[in-house]
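S.K.: So that we are looking at the same thing, I have put the structure below in structure tokens.
Protein chains: 2
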Amino acid sequence: MVRRRAGITPELLVRAAAELADEGGLDKVTVSALARRFGVKDASLYSHIRNLRDLRVRLALLASAEMNDVIGAAVAGRSGKDALVAFAGAYRDYALAHPGRYAATQQRIEPSEVAADGSVLVRAVELTYGMLRGYGLTEPDLTDAARLLRATFHGYIHLELSGGFHHTRPVAASWARSLDALHSTLETWGNIR
Amino acid sequence: MVRRRAGITPELLVRAAAELADEGGLDKVTVSALARRFGVKDASLYSHIRNLRDLRVRLALLASAEMNDVIGAAVAGRSGKDALVAFAGAYRDYALAHPGRYAATQQRIEPSEVAADGSVLVRAVELTYGMLRGYGLTEPDLTDAARLLRATFHGYIHLELSGGFHHTRPVAASWARSLDALHSTLETWGNIR
DNA sequence: CCAAAAAGCTAATGCCTCTAGGATCTCGGC
DNA sequence: GCCGAGATCCTAGAGGCATTAGCTTTTTGG
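Protein chains in written order, with the working numbering: chain A, 1 to 193; chain B, 194 to 386.
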């Protein structure tokens with residue numbers, strides 16, 4: 001009997017996992033579902049990934065890299081409010097288009113789990129700091145402002161994705177208004193309080 | 194053989210679930226774990242709760258009610274920045290003290306799942322709006338500002354709980370600074386852009 | 001062409017959800 | 001006090017998922 005192999009690689013698995021995540025949520029990313037997808041037994045996947053956790057970490061890194069790319073492209077050549085709006089827009093668009101991947105980026109990941117690929121996470125921070133330096137901020141304001149931005153962006157997307165905004169007013173309108181507010185805050189950061 | 198009953202009620206289950214959640218995270222809230230806790234077989238719990246989902250929704254309502262209480266008490270008699278700081282402090286303190294319960298409040302819950310107890314969710318909105326009216330905001334600014342606040346608070350807590358803040362600067366310091374910024378934003382909300 | 005590495009498979013264990021149907025306890029009413 | 005109804009708990013069992021161990025088959029480099 002000539003049974004060809006499935007030609008599975010960790011990369012293929014992660015890509016399939018990303019699709020599963022975006023289709024049905026991060027908790028649909030399961031070793032069984034993945035095995036099913038490749039027409040293979042569950043146990044067979046353990047030659048390619050260490051375990052489910054490993055798979056999800058890889059997925060998180062994939063998604064983070066993708067986000068870095070779209071955000072990086074969006075901010076390129078812009079500064080000030082232009083950059084802020086571009087950054088925020090790219091962030092939100094990615095998250096809404098790829099909710100499962102986005103959710104994956106929100107998992108707690110220990111440095112020991114990423115081995116050498118921590119660069120992805122570093123770059124995300126650099127993008128934010130780069131944008132903030134356009135507002136003339138320095139430490140510790142840089143850290144404070146970066147935290148505020150990340151929190152606001154993430155909080156918004158999370159609430160939007162989890163159906164937390166019931167009001168009839170379009171979320172996009174509130175989002176734009178919040179960006180105005182954030183911009184204004186960043187401009188006057190040094191004078192507040 | 195005289196076997197006394199365990200005296201289980203849905204309320205007891207939910208309270209135990211809350212403890213499980215705070216101890217090991219929301220995904221440790223499991224029918225099996227709960228049954229174990231009460232010295233009873235898994236299947237027995239299905240006389241008290243419809244299913245796991247039902248349990249988690251009840252947990253979310255419990256936690257939401259608790260948060261409303263502490264926040265309500267914190268804001269009582271205050272206005273302006275006092276109220277904002279009190280609100281935010283109560284919110285963050287509760288979430289950090291009860292991470293599992295807090296996580297439960299972040300689940301997507303359909304109106305059909307809460308039957309008549311939707312009042313809890315309404316009150317949360319009222320608390321926020323009440324505080325914002327102290328800043329003289331009216332619709333649609335009220336909605337926009339409420340969304341920004343919820344997003345920021347939630348985003349901050351989520352990132353803090355998930356270990357997203359790696360920098361050495363104390364999170365509490367950045368948090369305080371962000372509240373200053375938010376206050377300033379709310380004060381000038383009408384003038385921005 | 002062959003041996004070792006790689007990629008799958010079967011078998012098993014353990015944990016979890018949930019349903020069906022049976023036994024037992026409790027309690028209100030006679 | 002007794003009894004039936006309903007509430008509460010149990011046993012059995014199906015099915016899903018993660019993970020390990022050990023075996024077989026396919027590939028591939030020398």
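Ideal placement from N, C-alpha and C gives every residue a C-beta, glycine not left out.
Can you tell me whether residue 122 of chain A is buried or exposed? The criterion is at least 16 other CB atoms within 10 Å of its CB, across all chains shown.
M.R.: Counting from one through the first sequence, the residue named residue 122 of chain A turns up at place 122. Burial call: exposed.
S.K.: Roughly how many angstroms lie between the CA atoms of residue 178 of chain A and residue 88 of chain A, to the nearest whole one?
M.R.: Residue 178 of chain A sits at position 178 when you count from the first residue of the first sequence. Residue 88 of chain A sits at position 88 when you count from the first residue of the first sequence. When rounded, the distance between both Cα atoms is 10 Å.
S.K.: Does the distance from the C-beta atom of residue 285 of chain B to that of residue 162 of chain A stay below 9 Å?
M.R.: Here residue 285 of chain B refers to the residue found at position 92 when the second sequence is read from its first residue. Here residue 162 of chain A refers to the residue found at position 162 when the first sequence is read from its first residue. No, they are not a contact pair.
S.K.: Count the CB pairs spanning the segment 73 to 81 of chain A and the segment 318 to 331 of chain B that are closer than 8 Å, and state whether there are at least three.
M.R.: The segment 73 to 81 of chain A is not in contact with the segment 318 to 331 of chain B.
S.K.: Report yes if the CB atom of residue 237 of chain B is closer than 9 Å to the CB atom of residue 143 of chain A, and no otherwise.
M.R.: Within the second sequence, the letter at position 44 stands for residue 237 of chain B. Within the first sequence, the letter at position 143 stands for residue 143 of chain A. Contact: no.
S.K.: For residue 26 of chain A and residue 103 of chain A, which I take to be in contact (beta-carbon distance under 8 Å), what is that distance rounded to the nearest angstrom?
M.R.: Within the first sequence, the letter at position 26 stands for residue 26 of chain A. Within the first sequence, the letter at position 103 stands for residue 103 of chain A. That pair is a contact at about 4 Å.
S.K.: Excluding the 5 residues preceding and the 5 following residue 210 of chain B in the sequence, name in chain order all residues of the same chain whose CB lies nearer than 7 Å to its CB.
M.R.: Looking up residue 210 of chain B in the second sequence gives position 17. Cβ neighbours of residue 210 of chain B beyond the five flanking positions: 222, 227, 248, 252.
S.K.: Any beta carbon of chain A sitting closer than 9 Å to that of residue 219 of chain B?
M.R.: Reading the second sequence from its first residue, position 26 is the one you call residue 219 of chain B. No, no contact with chain A.
S.K.: Taking the alpha carbon of residue 382 of chain B as the point to measure from, which residue in B:259, B:278, B:329 has its own alpha carbon closest?
M.R.: The sequence position of residue 382 of chain B within the second sequence is 189, counting from 1. Closest by alpha carbon: B:329.
S.K.: Please report how far the alpha carbon of residue 359 of chain B lies from the alpha carbon of residue 125 of chain A, in whole angstroms.
M.R.: The sequence position of residue 359 of chain B within the second sequence is 166, counting from 1. The sequence position of residue 125 of chain A within the first sequence is 125, counting from 1. Each residue's alpha carbon lies about 11 Å from the other.
S.K.: Along chain B, in chain order, which residues have C-beta atoms closer than 9 Å to that of residue 163 of chain A?
M.R.: Position 163 of the first sequence, counted from the start, is the residue given in the question as residue 163 of chain A. Neighbours of residue 163 of chain A on chain B, chain order: 301, 302, 303.
S.K.: Short check: CB of residue 277 of chain B to CB of residue 376 of chain B, under 9 Å?
M.R.: Within the second sequence, the letter at position 84 stands for residue 277 of chain B. Within the second sequence, the letter at position 183 stands for residue 376 of chain B. Result yes, Cβ atoms of residue 277 of chain B and residue 376 of chain B sit closer than 9 Å.
S.K.: Could you check what DSSP says for residue 158 of chain A in three-state terms: helix, strand or coil?
M.R.: Sequence index remark: in the first sequence, residue 158 of chain A carries index 158 (1-based). Note: residue 158 of chain A maps to helix in three-state DSSP.
S.K.: Along chain A, which residues have their Cβ under 7 Å away from the Cβ of residue 321 of chain B?
M.R.: Numbered from 1 along the second sequence, position 128 holds the residue referred to as residue 321 of chain B. Ordered by position in chain A, no residue passes the 7 Å Cβ test against residue 321 of chain B, which lies about 12 Å from the chain.
S.K.: Less than 9 Å between CB atoms is the rule here; does residue 57 of chain A satisfy it with respect to chain B?
M.R.: Translated into positions along the first sequence, residue 57 of chain A becomes position 57. No, no contact with chain B.
S.K.: Kindly say whether residue 240 of chain B, judged by its beta-carbon, lies nearer than 9 Å to any beta-carbon of chain A.
M.R.: Here the question's residue 240 of chain B lines up with position 47 in the second sequence. So no, residue 240 of chain B is outside the interface.
S.K.: Spatial neighbours of residue 258 of chain B within its chain, please: C-beta separation below 6 Å, excluding the five flanking residues on both sides.
M.R.: The residue labelled residue 258 of chain B in the question sits at position 65 within the second sequence. Counting only Cβ-Cβ distances below 6 Å, and skipping sequence neighbours, we find 313.
S.K.: Drop a sphere of 10 angstroms on the beta-carbon of residue 374 of chain B, count the other beta-carbons inside from all chains shown, and report buried for 16 or more, exposed for fewer.
M.R.: Counting from one through the second sequence, the residue named residue 374 of chain B turns up at place 181. Label assigned to residue 374 of chain B: buried.
S.K.: Restricting to runs no shorter than 4 residues, where is the alpha helix (DSSP H) found entirely within the segment 27 to 75 of chain A?
M.R.: Counting whole runs of 4 or more residues, the segment 27 to 75 of chain A contains the alpha helix (DSSP H) stretches 31 to 37, 52 to 75.
S.K.: Quick one: measure Cβ to Cβ for residue 306 of chain B and residue 250 of chain B, integer angstroms, because I've assumed they're closer than 8 Å.
M.R.: On the second sequence, residue 306 of chain B is found 113 positions in, with the first residue counted as 1. On the second sequence, residue 250 of chain B is found 57 positions in, with the first residue counted as 1. Right, the Cβ-Cβ distance comes to about 5 Å (below 8 Å), so this counts as a contact.
S.K.: Whose Cβ in chain A lies nearer than 8 Å to the Cβ of residue 317 of chain B?
M.R.: By one-based count along the second sequence, residue 317 of chain B stands at place 124. Those within 8 Å of residue 317 of chain B in chain A number zero; the least Cβ separation is about 10 Å.
S.K.: Do we get a CB-CB distance below 9 Å when we pair residue 152 of chain A with the residues of chain B?
M.R.: Sequence index remark: in the first sequence, residue 152 of chain A carries index 152 (1-based). So, interface residue.
S.K.: Please state whether DSSP places residue 120 of chain A in a helix, a strand or coil.
M.R.: As a position in the first sequence, residue 120 of chain A is number 120, starting the count at 1. Helix at residue 120 of chain A.
S.K.: Hey, quick one: how far does the alpha helix (DSSP H) through residue 216 of chain B stretch, first residue to last?
M.R.: Start at 1 with the first residue of the second sequence, and residue 216 of chain B comes out as number 23. Segment 203 to 217, the alpha helix (DSSP H) holding residue 216 of chain B.
S.K.: Chain B partners of residue 158 of chain A, CB-CB under 9 Å?
M.R.: Start at 1 with the first residue of the first sequence, and residue 158 of chain A comes out as number 158. Those are 299, 344, 347, 348, 351, listed as they occur along chain B.
S.K.: Out of B:290, B:362, B:232, which has the shortest C-alpha to C-alpha gap to residue 216 of chain B?
M.R.: Reading the second sequence from its first residue, position 23 is the one you call residue 216 of chain B. For residue 216 of chain B, the nearest C-alpha among the options comes from B:290.
S.K.: Output needed for residue 159 of chain A: all residues of its chain with C-beta closer than 7 Å, excluding positions within five of it in sequence on either side, in chain order.
M.R.: Residue 159 of chain A sits at position 159 when you count from the first residue of the first sequence. Closer than 7 Å at Cβ, skipping near neighbours: 165.
S.K.: For residue 187 of chain A, which three-state DSSP category applies?
M.R.: In the first sequence, counting from the first residue as 1, residue 187 of chain A sits at position 187. The answer is helix: DSSP assigns residue 187 of chain A an H, G or I state.
S.K.: Between residue 237 of chain B and chain A, is the shortest Cβ-Cβ distance under 9 Å, so that the two count as touching?
M.R.: Your numbering for residue 237 of chain B matches position 44 in the second sequence. So, not an interface residue.
S.K.: From A:147, A:39, A:157, pick the residue whose C-alpha is nearest to that of residue 344 of chain B; which is it?
M.R.: In the second sequence, counting from the first residue as 1, residue 344 of chain B sits at position 151. Nearest option by C-alpha distance: A:157.
S.K.: Whole angstroms is fine: what's the gap from residue 176 of chain A's alpha carbon to residue 379 of chain B's?
M.R.: Residue mapping note: residue 176 of chain A aligns to position 176 of the first sequence, counting from 1. Residue mapping note: residue 379 of chain B aligns to position 186 of the second sequence, counting from 1. Approximately 15 Å, taken between the alpha carbons.
S.K.: Am I right that residue 294 of chain B and residue 256 of chain B are in contact with their C-beta atoms under 8 Å? What's the rounded C-beta distance?
M.R.: By 1-based counting over the second sequence, the position of residue 294 of chain B is 101. By 1-based counting over the second sequence, the position of residue 256 of chain B is 63. Yes, they are in contact, since the Cβ atoms of residue 294 of chain B and residue 256 of chain B sit about 4 Å apart, within 8 Å.
S.K.: With a threshold of 9 Å between beta carbons, is residue 223 of chain B in contact with chain A?
M.R.: Working through the second sequence from its first residue, we reach residue 223 of chain B at position 30. It does not; no Cβ of chain A falls within 9 Å.
S.K.: Starting from the beta carbon of residue 370 of chain B, find every residue of chain A whose beta carbon is closer than 7 Å, and list them in chain order.
M.R.: Residue numbering aside, residue 370 of chain B sits at position 177 when the second sequence is read from its first letter. Residues of chain A passing the Cβ test: 144.
S.K.: If you count every other CB in all the chains shown that lies within 10 Å of the CB of residue 261 of chain B, and 16 or more means buried, which is it?
M.R.: Against the second sequence, residue 261 of chain B aligns to sequence position 68. Answer is buried; the Cβ neighbour count reaches 16.
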